[in-house]
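Participant: If you count the sequence shown from 1, position 66 lands on 74 in my numbering, and the numbers rise without skipping. Structure incoming, see below.
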Amino acid sequence: MNSDFTDDNGIENNLLNGDYNQIKDGTENPLRPKKLADFQGQDAIKSNLSIFIQAANDRSESLDHVFLSGPPGLGKTTLAGIIANELGAELKVTSAPAIEKPKDLAGILTGITERCVFFIDEIHRLKPAIEEMLYIAMEDYEMDWVIGQGPSARNIRIPIPQFTLIGATTKAGAVASPLYSRFGISCRMDFYRAEDIMSIIRRSAGILDISIDEDAVVQLAGCSRGTPRVANRLLRRMRDFAHVENSGIITKDIVMNGLKRLEIDAMGLERLDRQILRLIIERYDGGPVGAETLAISAGEAVESLEDFYEPYMIQQGFIKRTPRGRMVTDLAYSHLGLTPGAQRKAGGNTDENQSLLF
Ligand SMILES: Nc1ncnc2c1ncn2[C@@H]1O[C@H](COP(=O)(O)OP(=O)(O)OP(=O)(O)O)[C@@H](O)[C@H]1O
Ligand SMILES: [Mg+2]
9 MNSDFTDDNG IENNLLNGDY NQIKDGTENP LRPKKLADFQ GQDAIKSNLS
59 IFIQAANDRS ESLDHVFLSG PPGLGKTTLA GIIANELGAE LKVTSAPAIE
109 KPKDLAGILT GITERCVFFI DEIHRLKPAI EEMLYIAMED YEMDWVIGQG
159 PSARNIRIPI PQFTLIGATT KAGAVASPLY SRFGISCRMD FYRAEDIMSI
209 IRRSAGILDI SIDEDAVVQL AGCSRGTPRV ANRLLRRMRD FAHVENSGII
259 TKDIVMNGLK RLEIDAMGLE RLDRQILRLI IERYDGGPVG AETLAISAGE
309 AVESLEDFYE PYMIQQGFIK RTPRGRMVTD LAYSHLGLTP GAQRKAGGNT
359 DENQSLLF
């Protein structure tokens, strides 16, 4: 039966090439927690998930389908791996843009084993024909397939083992509601609290054998945008500064200097964040301005504006979304040391706020 869908032998290798365990060079990412107990923060999500996983394990059933949403770098892919581990199940990883044709999905579904965890990243990007197929697979654990051609063609329903679909997205609003409604468990992840980021930094420093002072942990956590990926990235950079300048120990001074060099301010805003705020203020009188226009002015893709830059600035109260576009708040003016109404300049493309840096 497989031969109907996997005429192209490499299909699974090509499609199941998600980046679960990999950093750039393809080696395993040692900082990715493998157990729920090592996953810091997000307590409500964690405690619910541990109950659902335990119940599924006790009944030897597959876990209900899980929907994970939230800004980049908060741990969606990590959680998918943890769920598979805690279920003692096989993990198959792919991403929606890799599933181009029904044949691609069929190839994966026919290779699925009982209680397998099938992770689809960027699930908001699935094509409608693939979504339709997924509905039946999720609900009835069956797959519709046409065999033969012309008058002799017929439709068969192929049973597939009970599996758990985990769908992740940074754009929950872009997921079709019939698809969303088929997930029995939905976890919306939000930015981490400073103390959780601090535990993540301590854990990562331990794994990477980095010496870091407690003051430095606090300082670094405050500038990590509530995002584990950013915290880990900054920790690695500070390790470099400490290596060259301070016999390897990350102190508060090393962090302050390092952040200044990286142009990250005390609120965790980077140069481009400040540039975006300045653009709205100086070129668009504080807004409202549409995302597309803003992205073009900032020289960024609208996706990175919406997925990466904006969510943190909205959460921190620098920007608000209105039906007519993005607007800056008073906090943005005061953070940049500006006065509302006082600056309509031609440029708006500079970052003059060196004083904001440490
Ligand atoms: N709760 C956590 N505890 C410890 N480390 C974490 C946690 N969440 C994420 N990390 C670390 O942050 C990194 C980024 O997480 P991950 O790749 O899972 O994010 P993501 O939500 O899938 O992002 P994207 O939307 O860009 O795919 C991981 O490699 C892991 O090291
Ligand atoms: Mg991911």
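Glycine is no exception: its CB is placed at the ideal position from the N, C-alpha and C atoms.
#1: Quick check on the DSSP output: the alpha helix (DSSP H) that includes VAL252 runs from which residue to which?
#2: Give me the residue from ALA88, ALA180, HIS73, ASN65 with the minimum Cα distance to PRO41.
#3: By Cβ distance below 6 Å, which residues in the same chain neighbour ALA161 in space, the five residues on each side in sequence not counted?
#4: Between ILE59, ARG196, GLN324, GLU222, which has its C-alpha nearest GLY234's C-alpha?
#5: Does DSSP put MET335 in a helix, in a strand, or in coil?
#6: Is ALA176 near ligand 2, going by C-beta to nearest heavy atom under 7 Å?
#7: Helix, strand or coil for PHE75, going by three-state DSSP, please let me know.
#8: In its own chain, which residues sit with a C-beta less than 6 Å from the C-beta of PHE127, not counting the 5 before and 5 after it?
#9: Output the distance between the C-alpha atoms of PRO79 and VAL252, rounded to the nearest integer angstrom.
#10: For the beta strand (DSSP E) that GLU139 lies in, which residues bound it at each end?
#11: Exposed or buried, which one is ASN56 when buried takes at least 16 other CB atoms within 10 Å?
#12: Between which residues of its own chain and LEU113 is the CB-CB distance below 6 Å, once the five residues before and five after are set aside?
#13: For THR178, count neighbouring C-beta atoms within 10 Å of its own C-beta (all shown protein chains included) and say buried if the count is 16 or more, exposed if not.
#14: Buried or exposed for ASP273, please, with buried defined as at least 16 other CB atoms from any protein chain shown within 10 angstroms of its CB.
#15: How about ALA176 and ASP129: do their beta carbons lie closer than 8 Å?
#16: Return yes when at least one heavy atom of ligand 1 lies under 7 Å from the C-beta of ILE327, else no.
#17: Closer than 7 Å to a non-hydrogen atom of ligand 1 - does that hold for the CB of ARG237?
#18: Reducing DSSP to helix, strand and coil, say where THR259 ends up.
#19: With burial defined as no fewer than 16 other Cβ atoms inside 10 Å of the residue's Cβ, what is the status of LYS32: buried or exposed?
#20: Give the DSSP bridge partners of ILE61, in chain order.
#21: Touching or not, the segment 194 to 213 and the segment 46 to 62, by the rule of three or more beta carbon pairs under 8 Å?
#22: Ligand 2 and ASP221: does the residue's C-beta get closer than 7 Å to at least one heavy atom of that ligand?
#23: So, at 6 Å on beta carbons, what are the nonlocal neighbours of PRO319 in its own chain, with the 5 sequence-adjacent residues on each side left out?
#24: Report yes or no: do the segment 288 to 299 and the segment 331 to 343 share at least 3 C-beta pairs separated by less than 8 Å?
#25: Quick check for students: name the residue ranges of the alpha helix (DSSP H) that lie wholly in the segment 150 to 206, counting only runs of 4 or more.
#26: Look at ILE166 and GLU150 and say whether their C-beta atoms are less than 8 Å apart.
#27: If you draw a straight line from the alpha carbon of VAL225 to that of ASN265, how long is it in whole angstroms?
#28: Just grab the DSSP bridge partners of SER103 for me.
Facilitator: Per the coordinate set shown:
#1: Taken as a continuous stretch (DSSP letters only), the alpha helix (DSSP H) holding VAL252 covers 236 to 253.
#2: Comparing Cα-Cα distances from PRO41 to each of ALA88, ALA180, HIS73, ASN65, the minimum goes to ALA88.
#3: Here the set comprises VAL154.
#4: It is GLN324 whose Cα lies nearest to the Cα of GLY234.
#5: If DSSP states are grouped into helix, strand and coil, MET335 belongs with the strands.
#6: Within the cutoff, so yes.
#7: If DSSP states are grouped into helix, strand and coil, PHE75 belongs with the strands.
#8: Exclusion of the five residues before and after PHE127 leaves ALA88, VAL101, ILE174 as the residues of its chain whose Cβ lies within less than 6 Å of its Cβ.
#9: Rounded to the nearest angstrom, the two C-alpha atoms are 33 Å apart.
#10: That residue, GLU139, is in no beta strand (DSSP E); its alpha helix (DSSP H) goes 136 to 148.
#11: Per the 10 Å Cβ criterion, exposed.
#12: Hits under 6 Å: ILE107, ILE138, MET141.
#13: THR178 should be labelled buried.
#14: Result: buried.
#15: Cβ atoms of ALA176 and ASP129: closer than 8 Å.
#16: Not one heavy atom of ligand 1 falls within 7 Å of the beta-carbon of ILE327.
#17: Within the cutoff, so yes.
#18: DSSP places THR259 outside both helix and strand once states are collapsed to three, so it counts as coil.
#19: Here LYS32 scores only 45 on pLDDT, less than 50, and its place in the model should not be relied on; the value that follows carries that caveat. Looking at its Cβ environment, which holds fewer than 16 other Cβ atoms inside 10 Å, LYS32 is exposed.
#20: ILE61 pairs with nothing; no bridge assigned.
#21: Yes, the segment 194 to 213 touches the segment 46 to 62.
#22: No, since every heavy atom of ligand 2 falls outside the 7 Å radius drawn around the Cβ of ASP221.
#23: The beta carbon of PRO319 lies closer than 6 Å to those of PRO79 in the same chain, with the five residues before and after it left out.
#24: Contact between the segment 288 to 299 and the segment 331 to 343 is established, with three or more Cβ pairs separated by less than 8 Å.
#25: DSSP runs (the alpha helix (DSSP H)) wholly in the segment 150 to 206: 185 to 188.
#26: Annotated as proximal: ILE166 and GLU150, with beta-carbon spacing under 8 Å.
#27: Taking the straight line from one Cα to the other gives about 14 Å.
#28: Looking at the DSSP output, SER103 shares a beta bridge with ASP129.
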